[in-house]
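**Q** Have a look at this one before I ask anything.
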Amino acid sequence: MPSSAAYEATGVTTTPWIVDLASGIREVLRRDLTPLMTARQVAEVLRPSLGRPDLLTAAQQEGDPQTYRQHLLHGEPDGSFSVVALVWLPGQRTPIHDHVCWCVAGVHQGQETEHRYRLTGDGGATELVRDRSLVNPTGALSAIAPPGDIHQVCNTGSSKAISLHIYGADISRLGTSVRRTYPAPHDET
Ligand SMILES: [Fe+2]
Numbered sequence: 001m002p003s004s005a006a007y008e009a010t011g012v013t014t015t016p017w018i019v020d021l022a023s024g025i026r027e028v029l030r031r032d033l034t035p036l037m038t039a040r041q042v043a044e045v046l047r048p049s050l051g052r053p054d055l056l057t058a059a060q061q062e063g064d065p066q067t068y069r070q071h072l073l074h075g076e077p078d079g080s081f082s083v084v085a086l087v088w089l090p091g092q093r094t095p096i097h098d099h100v101c102w103c104v105a106g107v108h109q110g111q112e113t114e115h116r117y118r119l120t121g122d123g124g125a126t127e128l129v130r131d132r133s134l135v136n137p138t139g140a141l142s143a144i145a146p147p148g149d150i151h152q153v154c155n156t157g158s159s160k161a162i163s164l165h166i167y168g169a170d171i172s173r174l175g176t177s178v179r180r181t182y183p184a185p186h187d188e189t
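Using this note's numbering, the letters of the sequence shown correspond one by one to residues 1 to 189.
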């Protein structure tokens, strides 16, 4: 079992739990599955890490009063996946967005609310419609892959929320996994 000490790996300060997690993700990628199946199996690799008090360093749990904050935890050297922690203070939210790659999210601390959307209509007059909303407590996991992955994540709780996100892309190079953002539907503005 990894110890709680933090150290440097792949150029990012990380903990042994994250090193262990990266090893498990690598194992899934070797199976060469579809993007959605990859995301689902990576979610199962992430599950035991959620809620562990020694998963993140103190610095990786820091938020930003201006906006939700992203901490890069691991960038795979070949660019095939990245692990980040997102820290949300109460009321903070992402724009409505989708992704360039498969994505796994797991709530490590607190509670997050996720709104899922879909586009309706033809190419000339598409409209965004909210399909459903999910309240995700600590330990909740989601696995998505484009297309059809338009969503928004919010901290609707009264305390800090932290989630781990694993992306099938090189976030250290791209900076983000977001493909595009969308304006809110008229009935939500
Ligand atoms: Fe997202």
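Every residue gets a Cβ at the ideal spot worked out from N, C-alpha and C, and that includes glycine.
#1: Who are the Cβ neighbours of tyrosine 7 in its own chain at under 6 Å, not counting the five residues just before and after it?
#2: Within 10 angstroms of its Cβ, does threonine 67 collect 16 or more other Cβ (buried), or is it exposed?
#3: With 16 other CB atoms within 10 Å as the buried threshold, where does leucine 134 fall?
#4: Just checking my contact of leucine 46 with tryptophan 17 at CB under 8 Å: how many whole Å lie between their CB atoms?
#5: Hey, out of Gly24, Arg30 and His99, whose CA is closest to aspartate 43's CA?
#6: With distances taken Cα to Cα, identify the nearest neighbour of histidine 74 among Arg26, Leu89, Arg93 and Arg130.
#7: Quick one, which of Ile171, Pro77, Ala39 and Ile162 has its alpha-carbon nearest alanine 58's?
#8: Once the 5 residues before and after leucine 33 are set aside, which same chain residues still bring their CB inside 8 Å of it?
#9: Would you identify the three-state DSSP class for leucine 21, choosing helix, strand or coil?
#10: Give me the DSSP bridge partner(s) of tyrosine 167.
#11: Can glycine 51 and glycine 110 be called in contact, C-beta distance under 8 Å?
#12: For aspartate 98, which residues of its own chain have a beta-carbon under 7 Å away from its beta-carbon, when the five flanking residues on both sides are left out?
#13: Hey, is threonine 15 close to ligand 1, as in C-beta under 7 Å from one of its heavy atoms?
**A** To lay it out plainly:
#1: Against the sequence shown, residue 7 aligns to sequence position 7. Below a pLDDT of 50, predicted positions are generally treated as unreliable, and tyrosine 7, at 42, falls in that range; no measurement from the model is reported.
#2: Residue numbering aside, residue 67 sits at position 67 when the sequence shown is read from its first letter. Under this definition threonine 67 is an exposed residue.
#3: Within the sequence shown, residue 134 is the residue found at index 134, counting from 1. That one is exposed.
#4: If you number the sequence shown from 1, residue 46 lands on position 46. If you number the sequence shown from 1, residue 17 lands on position 17. No, leucine 46 and tryptophan 17 are not in contact; Cβ-Cβ is about 11 Å, not under 8 Å.
#5: Locating residue 43 in the sequence shown gives position 43, where the first residue counts as 1. Contrary to the premise, residue 43 reads as alanine rather than aspartate in this sequence. Checking every option, the nearest Cα to that of alanine 43 belongs to Gly24.
#6: Counted from its first residue, the sequence shown places residue 74 at position 74. Checking every option, the nearest Cα to that of histidine 74 belongs to Arg26.
#7: One-based indexing of the sequence shown puts residue 58 at position 58. Comparing Cα-Cα distances from alanine 58 to each of Ile171, Pro77, Ala39 and Ile162, the minimum goes to Ile162.
#8: Taking the sequence shown and counting its residues from 1, the one referred to as residue 33 is at position 33. Once the five neighbours on either side are set aside, the close Cβ partners of leucine 33 are Gln41.
#9: Here residue 21 corresponds to residue number 21 of the sequence shown, with the count starting at 1. Helix at leucine 21.
#10: Taking the sequence shown and counting its residues from 1, the one referred to as residue 167 is at position 167. The partner list for tyrosine 167 (beta bridge, DSSP) reads Ser82 and Cys103.
#11: The residue labelled residue 51 in the question sits at position 51 within the sequence shown. The residue labelled residue 110 in the question sits at position 110 within the sequence shown. Not in contact: glycine 51 and glycine 110 (Cβ atoms no closer than 8 Å).
#12: Residue 98 sits at position 98 when you count from the first residue of the sequence shown. Around aspartate 98: Pro146, Asp149, Ile150, Arg179 and Arg180.
#13: In the sequence shown, counting from the first residue as 1, residue 15 sits at position 15. Result no, Cβ not under 7 Å from ligand 1.
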